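To start, the structure itself, in structure tokens.
What follows is the structure, encoded as structure tokens:
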């Protein structure tokens, strides 16, 4: 990992992982996984998660699922859904459906889930979404 990705200022780390996300190779992928799962700043984790959307391997998929399930940032979790949609289209549907019921700030998880289900052309979820629209949320 570059020294910039370990900098004490989160803004430097965020920019570093954005650059690393544009690279290829095992070292870049490992750096992104570390930042996505371990960085203390959610904006850095979110940028790393976005970069992992270019790495279609088991370790990246596993890290993205971990972020979706465990990260305290709704925005990082939503970004994990978007990244998984890019690299694991055939297996992301269940996570997208699960995200429909998960409350989040400004409904970022709901929006990411709906966008993903639309992109998958998943008509089976249409009834659930329609029912959600009919019943007011408080």
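In the working numbering, the protein residues as written are 3 to 140.
Quick reminder that beta carbons are idealized off the backbone N, C-alpha and C, glycines included.
These numbers were taken from a predicted model, which means no experiment stands behind them.
Collapsed DSSP secondary structure at residue 113 in the structure displayed: Here DSSP, grouped into helix, strand and coil, assigns residue 113 to helix.
Ignore the nearest five residues each way along the sequence and tell me which others in residue 82's own chain have a CB closer than 7 Å to its CB. Closer than 7 Å at the Cβ level, and outside the excluded window around residue 82, lie 51, 66, 69, 70.
Put residue 23 into one of helix, strand or coil per three-state DSSP. Coil at residue 23, not helix or strand.
Closest residue to residue 27 among 36, 20, 56, 41 (Cα-Cα distance): It is 56 whose Cα lies nearest to the Cα of residue 27.
Quick check on residue 25: buried or exposed, where buried means 16 or more other Cβ atoms within 10 Å of its Cβ? When all chains shown are included, residue 25 counts as exposed.
Among 102, 96, 92, nearest to residue 76 - alpha-carbon criterion: Residue 76 has its Cα closest to that of 102, out of 102, 96, 92.
Out of 95, 80, 37, state which residue places its alpha-carbon closest to the alpha-carbon of residue 108. Here the closest residue by C-alpha is 80.
Any idea what DSSP makes of residue 94, helix, strand or coil? The answer is coil: DSSP assigns residue 94 none of H, G, I, E or B.
Pop quiz: residue 97 and residue 86 are said to be a contact at Cβ under 8 Å. What is the actual Cβ separation, rounded to whole angstroms? Contact between residue 97 and residue 86 is confirmed by a C-beta separation of about 7 Å, below the 8 Å threshold.
Taking residue 49 as the reference, give the member of 58, 60, 37, 93 with the closest Cα. Answer by Cα proximity: 37.
Separation of residue 99 from residue 137, as counted between CA atoms: The straight-line gap from Cα to Cα measures roughly 17 Å.
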